[in-house]
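Comments concern the structure below.
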Amino acid sequence: MEITISSLEDIDAAARLFVRAMGDNTVFAFYGSMGAGKTTFIKAICSAMGVRETVTSPTFAIVNEYGDADGCPVYHFDFYRIRKVSEAFDMGCEEYFNSGFPCLIEWPELIEDILPEDAVRIAMRVLPDGTRIVVF
């Protein structure tokens with residue numbers, strides 16, 4: 000599936016479309032260069048899932064936990080600062096990935112070897128006019 004986000008005004012509709020397409024999947028790995036809009040899109044996805052808390056990048060915490068509309072956890076990871084896969088193991092990432100609750104992962108390239116086989120891989124890229132393309 001491909002979603003086009005032409006401007007920030009389109010992001011909420013794009014996030015709702017993404018959430019409807021999530022199905023029973025729980026682990027979502029967002030690939031894209033710095034500035035591709037991963038964090039902004041994940042914020043919109045969380046909003047579409049009913050998260051009322053402020054969604055921020057967990058760059059230093061590595062994982063943030065939010066509650067969705069039903070009070071169930073939504074986990075947001077940012078592995079940008081991970082230097083070794085063992086750091087992800089040490090923080091218990093496998094428990095999160097196997098929890099059955101949504102895991103939204105930025106910079107999954109750094110933990111590729113331990114991502115579940117059924118993780119949904121999402122590629123985000125920016126066109127010269129600023130349009131974002133989300134493919135999964």
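Just so it is clear: in the sequence shown, position 55 is 54 by numbering that gives the first Met the number 0, and no numbers are missing. Heads up, the beta-carbon is just placed ideally off N, CA and C, and yes, glycines get one too. Keep in mind that this is a model prediction, so the values were computed, not measured.
Output yes or no for whether 8 Å exceeds the beta carbon distance between residue i and residue j.
i	j	result
D77	P57	yes
I121	F29	yes
I2	V18	no
M0	A20	yes
For residue i, which of the options has the nearest alpha-carbon?
i	options	result
V62	I2, I81, P127	I81
G49	M21, M90, R15, Y30	R15
I104	F27, L7, F59	F27
K83	M21, A13, P107, L7	P107
F59	M0, E8, D69, A87	A87
V125	E93, F135, S32, I10	S32
I85	E111, N97, G66	Inspection of the sequence shows that residue 85 is occupied by Ser rather than by Ile. Taking only the C-alpha atoms, the option nearest S85 is E111.
Quick check: what's the CA-CA separation for residue i versus residue j?
i	j	result
G34	I4	14 Å
G99	E64	14 Å
P115	Y95	11 Å
K42	T53	8 Å
V119	M90	21 Å
T39	Y74	15 Å
E93	A68	24 Å
S6	T130	7 Å
Excluding the five sequence neighbours on either side, which residues of its own chain have a C-beta within less than 6 Å of the C-beta of residue i, listed in chain order?
i	result
P72	E64, F100
L109	F78, I81
For residue i, collect the residues of the same chain with a Cβ closer than 7 Å to its Cβ; drop the 5 residues on either side in sequence, then sort them by chain order.
i	result
T25	G99, F100, P101, C102
For my contact list, residue i and residue j are in at a C-beta cut-off of 8 Å; report their separation, rounded to the angstrom.
i	j	result
M123	G36	6 Å
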